[in-house]
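Everything below concerns the one structure shown next.
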Amino acid sequence: MADQSTAHAVKAAPRVVLYTRQDCCLCDDARLVLQQHGLTHECVDVDGDPRLREQFGECVPVVEIDGRIRFRGRVEPILLRRLLDGRTEK
Numbered sequence: 182m183a184d185q186s187t188a189h190a191v192k193a194a195p196r197v198v199l200y201t202r203q204d205c206c207l208c209d210d211a212r213l214v215l216q217q218h219g220l221t222h223e224c225v226d227v228d229g230d231p232r233l234r235e236q237f238g239e240c241v242p243v244v245e246i247d248g249r250i251r252f253r254g255r256v257e258p259i260l261l262r263r264l265l266d267g268r269t270e271k
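Just so you know, we're using my numbering here: the sequence shown kicks off at 182 and counts up by one.
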């Protein structure tokens, strides 16, 4: 039987959405950083939805974690690690 104090410390994996578009080098970089941090993510092509295309314009990639936009353009690995570490400490 698992210790209850450790059971509360473990959170479910974050829900990660990567807003992207075709032929976007920064989007490829963002995907790689997310994978290197062990994150499974949903990819959404902003050009497939007029509302998203209007919302994000040329500013991709955009990374949303647990419903909050956390990165635009580049995903900074150190900041991503801090965000992920902060999720497990609460």
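Every residue, glycine too, gets a C-beta built ideally from N, C-alpha and C.
- Pairing V197 with V256 gives a Cβ-Cβ distance that is not under 8 Å.
- Here DSSP, grouped into helix, strand and coil, assigns L199 to strand.
- For R268, the closest C-alpha among the options F252, D247 and P258 is that of D247.
- For V214, the uninterrupted alpha helix (DSSP H) segment begins and ends at C206 to Q217.
- The residues C208, D226, V227, D228 and V241, in chain order, have a CB closer than 8 Å to that of R202 in the same chain once the five nearest residues on each side in sequence are set aside.
- Membership of R232 in the alpha helix (DSSP H) is indicated by the continuous run P231 to F237.
- Counting only unbroken stretches of 3 or more residues, the beta strand (DSSP E) elements lying wholly within the segment 244-268 are 249-253, in sequence order.
- With a cutoff of 8 Å on beta-carbon distance, H222 and R262 are scored as not near each other.
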